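**Student:** Here this note's numbering is used: the first residue of the sequence shown is 1, the next is one more, and so on. For each residue, glycine too, the CB sits at the ideal point set by N, CA and C. Quick caveat: nothing in here was measured; it's all calculated off a predicted structure. One structure coming up, written as structure tokens, with questions to follow.
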Amino acid sequence: MGSYGAMGQADGGGENGQLQPGPFRAVLKYLYTGELDENERDLMHIAHIAELLEVFDLLMMVANILNNKAFTNQEITKAFHVRRTNRVKECLAKGTFSDVTFILDDGTISAHKPLLISSCDWMAAMFGGPFVETCSIPSHPQVVFPYTSKSCMRAVLEYLYTGMFTSSPDLDDMKLIILAIHLCLPHLVALTEQYTVTGLMEATQMMVDIDGDVLVFLELAQFHCAYQLADWCLHHICTNYNNVCRKFPRDMKAMSPENQQYFEKHRWPPVWYLKEEDHYQRARKEREKEDYLHLKRQPKRRWLFWNSPSSASSSAASSASPSSSSAVV
């Protein structure tokens, strides 16, 4: 603290060159959140600590507040979150400063307990309570996750670290939903459901047949309480009911009574529409048949044309007067 204390006194530090806890807490808050309260009283002390720690963005935020330009700090906060997300992902990928290891079906992933505990109640209960994972190796526990792949766990960890969903080519959407439900992460469940539905809709636009996949997703989503995905699957099947029944008659008959009742109520076209259309088509054909028979019974009319008698002397005037007449027989 020798040199730091001297700088602290020169720059308005506390007594005997000590850094004050209030300003230091504000600096720590910035390092965690990227935010600085513009109503903070000890801005000069905060600037001093930021200079010592070479946190130059925080120095800029203090200067903006002192110059009545606090509104420009929003852009600094946004840039902070982008950098923080990239650095946290890098720590996760490299295992830097990790203090826990997850043993999965196809390998291991190192993680960081503070970030897990702060982002997931399930993780907080596991690492903070009398669990085997807590007591086995206190310094670096190992947690076994059966029936879980590295791709699914990596997606969960990136969500817990950054609050964002990140997909990968080898990610199984349904398995991720199951894992997120197991870890009590409803927001991640919703994001994964949205990602799954978006993928199915894009496949439809590319003329890919997704009816079989939708039937599989429906049963799994209902079983694991992924209600938004299940509702979309029900909507897709009802909208394409005739095509789905024609291609997968056994699967449709094997559906639960609740699903079959839902299909009968919401299918398109509905039963009443099909009956009305059938009645209309029959009536139209009957009408066309009656019109045909009616026209067939009508007597045929013939138009006959002949030349009217005229004298040879009036041949010169034939061009000025009608030379023929017609009659209907």
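1. Where do the ends of the beta strand (DSSP E) carrying Ile210 lie?
2. Measuring straight from C-alpha to C-alpha, what distance separates Ile109 and Pro269?
3. Exposed or buried, what is Arg297 when buried is set at 16 or more other beta-carbons lying within 10 Å of its beta-carbon?
4. Please return the same chain residues whose Cβ sits closer than 7 Å to the Cβ of Trp179, not counting the five positions on each side in sequence.
5. When we look at the beta-carbon of Cys184 and count the other beta-carbons within 10 Å, is it buried (16 or more) or exposed?
6. Using 10 angstroms around the beta-carbon of Asp173, count the other beta-carbons present and answer buried if the total reaches 16, otherwise exposed.
7. Taking the Cβ atom as the reference point for each residue, do Glu193 and Leu229 lie within a distance shorter than 7 Å?
8. Name the DSSP bridge partner or partners of Ser110?
9. If you run the structure through DSSP and keep just helix, strand and coil, what is Val55?
10. Just the C-alpha distance for Tyr30 and Leu58, rounded to the nearest angstrom, thanks.
11. Three Cβ pairs or more, each shorter than 8 Å: is that satisfied between the stretch 244-252 and the stretch 205-222?
12. Alpha helix (DSSP H) containing Glu205: first to last residue?
13. By DSSP, does Gln20 sit in helix, in strand, or in coil?
14. Quick one: using the 10 Å Cβ neighbour count with 16 as the cut-off for buried, is Glu286 buried or exposed?
15. What number of angstroms, rounded off, separates the C-alpha of Thr33 from the C-alpha of Leu200?
16. Exposed or buried, what is Val27 when buried is set at 16 or more other beta-carbons lying within 10 Å of its beta-carbon?
17. So, are the CB atoms of Tyr241 and Arg282 less than 7 Å apart?
18. Note down, in chain order, each residue of its chain lying with its Cβ closer than 7 Å to the Cβ of Phe102, except the 5 sequence neighbours on either side.
19. So the alpha helix (DSSP H) Gln298 belongs to, where does it begin and stop?
20. Give, in chain order, every unbroken run of the alpha helix (DSSP H) that is at least 4 residues long and sits entirely within the stretch 25-97.
21. For Trp122 and Val271, what's the separation of their Cα atoms in angstroms?
22. Given this structure, state the Cα-to-Cα distance separating Asp99 from Thr204, to the nearest angstrom.
23. Please work out which residues of its chain come closer than 8 Å, Cβ to Cβ, to Lys89, disregarding the five sequence neighbours upstream and downstream, and give them in chain order.
**Tutor:** The answer reads as follows:
1. From DSSP, Ile210 is part of no beta strand (DSSP E); its letter is neither H nor E.
2. 50 Å
3. exposed
4. Sequence inspection shows Leu at residue 179; the Trp mentioned does not correspond to that position. Cβ within range, chain order: Thr148, Cys152 and Val156.
5. The residue is exposed, with fewer than 16 neighbouring Cβ atoms inside 10 Å.
6. Buried: at least 16 other Cβ atoms inside 10 Å.
7. yes
8. Thr101
9. coil
10. 7 Å
11. yes
12. Position check: residue 205 holds Gln in this sequence, whereas Glu was assumed. Its alpha helix (DSSP H) spans residues Pro186 to Gln205.
13. coil
14. exposed
15. 36 Å
16. Burial of Val27 is indicated by the presence of at least 16 other C-beta atoms within 10 angstroms of its C-beta.
17. no
18. Thr108, Ile109, Ala111, Val143, Phe145 and Met153
19. That residue, Gln298, is in no alpha helix (DSSP H); it is neither H nor E in DSSP.
20. Listed in chain order, they are 43-52, 56-66 and 73-94.
21. Going by the C-alpha atoms only, they are around 48 Å apart.
22. 44 Å
23. Here the set comprises Glu158, Tyr161 and Thr162.
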